[in-house]
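Here the structure is laid out as structure tokens; the discussion comes afterwards.
In UniProt numbering, the protein residues as written are 1 to 80.
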């Protein structure tokens, strides 16, 4: 009987949405979750459903249209 050594594999879950479209936007997330993520490195979930660990300046990107639409519907919108 022999023992085989398997090559290391990446076992982290794929938290992306596949097409990379969410990467081009800044997303809406609860402020306390952002701080928690910064301290612990745990992923956050945006209003649109994107899951990731924030690591870039959101001011450099346009706001995610889906997050914005959801936020405005929650807050009653700017026009009301």
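Glycine included, every Cβ here is placed at the ideal spot set by N, Cα and C.
Taking the alpha helix (DSSP H) that residue 32 belongs to, which residues open and close that run? From DSSP, the alpha helix (DSSP H) with residue 32 extends over 31-40.
Bridge-paired residues (DSSP) for residue 46: Answer is none; residue 46 lacks a bridge partner.
Rounding to the nearest angstrom, what Cα-Cα distance links residue 35 and residue 74 in this structure? Cα to Cα, the separation comes out at about 22 Å.
Residue 146 to residue 26 span [Cα, whole Å]: Only positions 1 to 80 of the chain appear in the structure, and residue 146 is not among them; the question remains open.
Start and end of the alpha helix (DSSP H) containing residue 67? Unbroken alpha helix (DSSP H) run through residue 67: 65-75.
Which value, in whole angstroms, describes the spacing of the CA atoms of residue 44 and residue 57? Rounded to the nearest angstrom, the two C-alpha atoms are 15 Å apart.
For residue 50, does the count of other Cβ atoms within 10 angstroms reach 16, so buried, or fall short, so exposed? Flag for residue 50 reads buried.
Test item: CB-CB of residue 40 and residue 54 under 7 Å: No; because the gap between Cβ atoms is not below 7 Å, this pair is not in contact.
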